[in-house]
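Peer 1: One structure follows; several queries about it will come next.
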């Protein structure tokens with residue numbers, strides 16, 4: 169049982185009078201049952217705090233579940249304690265007053281004297297020490313023990329046997345580690361100082377439970393447990409001084425009551441986000457929109473959608489390396505579904521991977537060279553290279569279709585077989601040296617872009633700090649000098665407010681300034697002091713400069729404002745540029761996040777749709793317009809951990825997703841319009857089927873194909 173504040177924590181009692189049909193909340197790892205959700209949630213939050221300690225190992229700062237796992241592992245290790253050493257160790261532990269560390273050291277030293285069958289140690293042979301293992305303990309007529317040992321080599325294999333005495337055996341280290349002994353001590357006892365064994369354990373191994381003579385005056389047994397006399401003394405004091413004890417109980421009761429209220433308040437305040445499945449509707453929740461159901465209109469079977477997306481994403485991301493002209497996901501899906509003939513799109517995709525593997529000079533290249541095939545892959549002989557590849561991978565499910573491919577009926581293969589072959593091609597290509605070098609190059613470019621972006625950010629921050637320091641060091645403009653108004657402004661104020669001028673006017677007589685305001689006594693003019701006079705003249709010159717430049721200030725301010733806006737636009741453009749460049753050099757596509765039911769959401773910038781993958785990867789769907797995206801984002805609850813992260817990623821990429829969704833909607837609209845235009849034509853001038861936009865995958869041409 170894990171410890172809380174070094175004390176056992178009792179589990180909650182199960183509710184009484186539970187009905188069979190009643191819905192309850194159960195803690196998975198403690199099997200506690202709660203009727204009230206708030207009680208269940210508070211207990212879960214307590215178990216998730218890192219305040220628990222493993223009882224056997226003493227590890228702290230654990231969650232309750234981590235402490236349980238630690239105790240389980242420690243208990244399994246303790247079961248490996250050598251049986252011949254259990255009784256001597258328990259005899260040392262029983263009623264010992266040593267600390268845990270000293271007790272473990274004492275047991276380790278004492279157990280070194282016990283040699284038993286299976287002990288691995290060192291033995292002397294020809295004035296040298298070699299590793300050995302005891303296989304039998306012998307006792308001769310003189311009652312001296314001798315040990316039959318086997319010598320071990322570096323791999324701990326038995327070489328030969330020998331008969332050694334105790335003097336010829338050497339132990340370089342204790343048979344058991346201190347940590348292992350500490351766990352054994354904790355598991356074997358129910359209290360410390362003195363350490364007392366569990367009654368059942370002591371009885372099983374014949375360990376005496378009688379108190380030693382030196383402890384009888386310090387401890388006694390109560391209800392089968394050892395209790396120290398300190399508690400009895402305190403009880404006697406309570407009996408002799410009931411008044412003091414009542415006051416102490418009152419104070420303790422009040423503090424305990426306050427602590428309970430405080431703990432109850434902490435439990436009531438739930439710190440969000442929490443696990444999504446634990447979130448309950450609250451009064452402060454916004455109005456969530458209804459989550460739209462994703463479309464599931466795929467031409468390929470549902471269990472093949474994941475492989476379809478993976479193969480297409482790799483082909484699109486590394487199209488330059490493969491020398492493969494990019495194609496849309498819709499065209500790729502139609503090509504996989506097509507059964508009538510060899511589709512040019514699939515032929516070129518396979519050929520691109522075959523050329524890459526041939527350049528790599530690996531196993532596939534050696535196999536093809538051994539069969540003396542032509543190194544030029546064409547529409548006629550590409551199936552030969554495909555059969556060679558299937559022969560190399562030795563996949564029984566895929567190799568069973570070799571005869572069909574050789575007869576020229578690749579299009580008749582099942583969808584999962586076609587995608588399985590392409591997945592194997594992708595995996596083998598990713599393991600090639602060419603792909604690895606390309607990935608290393610992309611990683612270096614991403615690191616260089618990141619370093620440049622960080623350098624520009626640091627430079628921008630340095631410039632902002634310098635500008636702030638410059639503004640602080642310079643005198644304030646706009647008619648103010650060191651917090652005082654300039655002379656022209658004073659005159660303007662006096663002209664605009666004659667009452668104030670008459671009220672605040674002062675008379676200068678013989679170098680003395682006499683104020684007419686009440687409560688002020690006459691003071692000498694500042695002109696009498698030479699330093700003050702110089703300061704005043706400097707202020708006057710500064711004010712003259714300010715006045716002279718005030719006529720040009722509007723133009724200068726407009727220019728400065730224009731430059732500041734340009735700088736901000738430049739900084740924003742640079743940030744967008746770095747984001748675009750990093751996205752171009754992405755190595756793999758990561759999901760946007762997960763919802764409360766662990767469904768994953770994917771966005772491929774070359775397609776535009778947001779794909780939804782179920783938690784078991786058996787179901788797929790997609791959102792294909794902005795209305796569905798907005799409704800889905802409005803249904804996310806930010807109180808849950810997963811949906812909060814998913815919402816952040818969607819908000820960050822919202823603008824780009826909307827652009828791609830609009831582009832896709834326009835393409836679909838244009839495609840439908842083109843198809844309707846073809847159908848509206850008369851039969852006499854009807855366009856041939858190849859001009860239909862839906863069959864564009866049949867007219868695919870690889871413009872980046874190598875000659």
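Residue numbers (our numbering): 169 to 875. All residues carry an ideal CB built from backbone N, CA and C; glycine is no exception. Only a predicted model underlies this, so the values are computations on that prediction, with no experimental measurement involved.
1. Does the beta-carbon distance from residue 493 to residue 519 come in below 7 Å?
2. Count the other CB atoms, across all protein chains shown, that sit within 10 Å of the CB of residue 462; report buried if there are 16 or more and exposed otherwise.
3. Cβ atoms of residue 764 and residue 444: under 7 Å apart, would you say?
4. Assess, as a yes-or-no matter, whether the stretch 310-330 is touched by the stretch 224-236 under the definition of 3 or more beta carbon pairs within less than 8 Å.
5. Nearest to residue 603 by CA position, among 817, 812, 528, 248, is which residue?
6. Count the other CB atoms, across all protein chains shown, that sit within 10 Å of the CB of residue 569; report buried if there are 16 or more and exposed otherwise.
7. Based on the DSSP secondary-structure assignment, which residues constitute the bridge partners of residue 876?
8. State yes or no: is the C-beta of residue 535 within less than 7 Å of the C-beta of residue 560?
9. For the alpha helix (DSSP H) that residue 206 lies in, which residues bound it at each end?
10. Please state the DSSP three-state secondary structure of residue 173.
11. Considering residue 800, what are the terminal residues of the alpha helix (DSSP H) in which it resides?
12. Which residue marks the beginning of the alpha helix (DSSP H) containing residue 494, and which one marks its end?
13. Opposite residue 771 in the DSSP bridges: which residues?
14. Give a yes or no on whether the C-beta atoms belonging to residue 807 and residue 395 are separated by under 7 Å.
15. Can you tell me whether residue 790 is buried or exposed, with buried defined as 16 or more other CB within 10 angstroms of its CB?
16. With a threshold of 16 other CB atoms inside 10 Å of the CB of residue 475, please say whether the residue is buried or exposed.
17. Within 8 Å, do at least three Cβ pairs link the stretch 288-304 to the stretch 347-365?
18. For residue 236 and residue 169, what's the separation of their Cα atoms in angstroms?
19. Leaving out five residues on either side along the sequence, give the residues of the same chain with a beta carbon under 6 Å from the beta carbon of residue 558.
20. In chain order, which continuous runs of the beta strand (DSSP E) of length 3 or greater are located wholly inside the stretch 484-562?
21. Expressed to the nearest angstrom, what Euclidean distance is found between the alpha-carbon atoms of residue 633 and residue 639?
22. Report the option in 526, 556, 555 whose CA atom is closest to the CA atom of residue 544.
23. Output yes or no for whether 7 Å exceeds the beta carbon distance between residue 315 and residue 332.
24. For residue 538 and residue 601, I'd like the C-alpha separation in whole angstroms.
25. Let me check understanding here. Comparing Cα to Cα, which of 481, 272, 187 lies closest to residue 774?
26. What does the alpha-carbon distance come out to for the pair residue 840 and residue 499?
27. Would you give the residue range spanned by the beta strand (DSSP E) that residue 330 belongs to?
28. Using 8 Å as the Cβ pair cut-off and three pairs as the minimum, do the stretch 348-358 and the stretch 255-272 touch?
29. How big is the Cα-Cα spacing for residue 374 and residue 240?
30. Could you check whether residue 606 and residue 513 sit closer than 7 Å to each other, using their CB atoms as the reference points?
31. Can you list, in chain order, the residues of its chain whose CB lies under 6 Å from that of residue 287, leaving out five sequence neighbours each side?
32. Which whole-angstrom value is the C-beta distance of residue 262 and residue 191, which I expect to be below 8 Å?
33. Which residues does DSSP list as the beta-bridge partners of residue 357?
34. Does the separation of the CB atoms of residue 577 and residue 472 fall below 7 Å?
35. Using the three-state DSSP reduction, which class does residue 319 fall into: helix, strand or coil?
36. Quick check on residue 323: buried or exposed, where buried means 16 or more other Cβ atoms within 10 Å of its Cβ?
Peer 2: For this structure:
1. With respect to the 7 Å criterion, residue 493 and residue 519 are not classified as neighbours on the basis of their beta carbons.
2. A residue is called buried when at least 16 other Cβ atoms come within 10 angstroms of its Cβ; residue 462 meets this threshold and is buried.
3. Going by C-beta atoms, residue 444 is nearer than 7 Å to residue 764.
4. No contact exists between the stretch 224-236 and the stretch 310-330.
5. Closest by alpha carbon: 528.
6. By the neighbour-count criterion, in which a residue is buried when 16 or more other Cβ atoms sit within 10 angstroms of its Cβ, residue 569 is buried.
7. The structure shown does not extend to residue 876, since the chain is modelled only from 169 to 875, so the question has no answer here.
8. A contact, by the Cβ cut-off of 7 Å.
9. Looking at the DSSP string, the run of the alpha helix (DSSP H) that includes residue 206 is 205-216.
10. In the structure shown, residue 173 sits in coil (DSSP, three-state: anything other than H, G, I, E or B).
11. Segment 794-802, the alpha helix (DSSP H) holding residue 800.
12. Per DSSP, residue 494 belongs to no alpha helix (DSSP H) and is neither H nor E.
13. DSSP lists 778 as the bridge partner or partners of residue 771.
14. No; because the gap between Cβ atoms is not below 7 Å, this pair is not in contact.
15. Of the other Cβ atoms in all chains shown, 16 or more fall within 10 Å of the Cβ of residue 790; this residue is therefore buried.
16. Counting Cβ neighbours within 10 Å, residue 475 comes out buried, since at least 16 surround it.
17. No, because fewer than three Cβ pairs between the stretch 347-365 and the stretch 288-304 fall closer than 8 Å, the two stretches do not touch.
18. Distance between the alpha carbons of residue 236 and residue 169 is about 7 Å.
19. Closer than 6 Å at Cβ, skipping near neighbours: 566, 567, 570.
20. Secondary structure within the stretch 484-562: not one fully enclosed beta strand (DSSP E) run of 3 or more consecutive residues is present.
21. Within the model, the alpha-carbon separation for residue 633 versus residue 639 is close to 10 Å.
22. The shortest C-alpha separation from residue 544 is found at 526.
23. Yes, they are a contact pair.
24. Put simply, the backbone Cα of residue 538 is about 21 Å away from that of residue 601.
25. Taking each of 481, 272, 187 in turn and checking the Cα distance to residue 774, the smallest one comes out for 481.
26. Those two C-alpha atoms are separated by around 15 Å.
27. Segment 326-333, the beta strand (DSSP E) holding residue 330.
28. Below 8 Å, enough C-beta pairs join the stretch 348-358 and the stretch 255-272 to call them touching: three or more.
29. Rounded to whole angstroms, residue 374 to residue 240 spans 26 Å at the Cα level.
30. No; because the gap between Cβ atoms is not below 7 Å, this pair is not in contact.
31. Sequence-distant partners of residue 287 (beyond 5 residues in either direction) whose C-beta falls short of 6 Å from its own C-beta, in its chain, are 302.
32. Not really, about 50 Å apart at Cβ, beyond 8 Å.
33. Partner(s): 365.
34. Between residue 577 and residue 472, the C-beta spacing is not below 7 Å.
35. Residue 319: strand per DSSP, three-state reduction.
36. Flag for residue 323 reads exposed.
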